[in-house]
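Undergrad: Numbering (the numbering used here), first residue to last: 1 to 126. Here you go, one structure.
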C-alpha cells in the first residue's frame, strides 16, 4: 500500500481538560495470592471482576444474578461425577460468570461456594 500524503495534521482539542476522569489502576506486585477455588471465583482463564485487584486472569466477567428454579446441585467441576459441594434450594441466587455446554459456572453467595450448576435450573437455555 502507498501513503497518499493527503493526511490532515492532528489538531488539539479546543477545551482544556482540568479534571480527567479518575482511573483505578492495578499493578502486579509480586506473586498472585493463593486462592481457594471453592470460595473465590477465579480460574486460570476467567475470574470474577470483583477479584481484579487480587487475582490476575486473562479475562474477567461481571456476575449475572440468576435465581434457581428447582433444587440444583452445585458441583466443583464440570463432570457429573465431580464432588457435590451443595444443593441450592429453589429461589436461591447464583451469580453466573460463564455459560457453556449446558452448564453455568459462578458462585452461590448464600453458601459462599463456587462451582457449576445446570443452566436449565437457572431458567437459562441448555
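Where is the CB? At the ideal position from N, CA and C, for every residue including glycine.
If you draw a straight line from the alpha carbon of residue 104 to that of residue 50, how long is it in whole angstroms?
TA: Cα to Cα, residue 104 sits roughly 18 Å from residue 50.
Undergrad: If you draw a straight line from the C-alpha of residue 84 to the C-alpha of residue 76, how long is it?
TA: The alpha-carbon atoms of residue 84 and residue 76 are separated by roughly 6 Å.
Undergrad: Whose C-beta lies closer than 7 Å to the C-beta of residue 54 among residues of the same chain, with five residues either side of it excluded?
TA: Closer than 7 Å at the Cβ level, and outside the excluded window around residue 54, lie 33.
Undergrad: Counting along the chain, where does the beta strand (DSSP E) carrying residue 115 start and finish?
TA: Per DSSP, residue 115 belongs to the beta strand (DSSP E) from 113-118.
Undergrad: Taking DSSP as the reference, what is the three-state secondary structure of residue 88?
TA: Looking at residue 88 - three-state DSSP - the assignment turns out to be strand.
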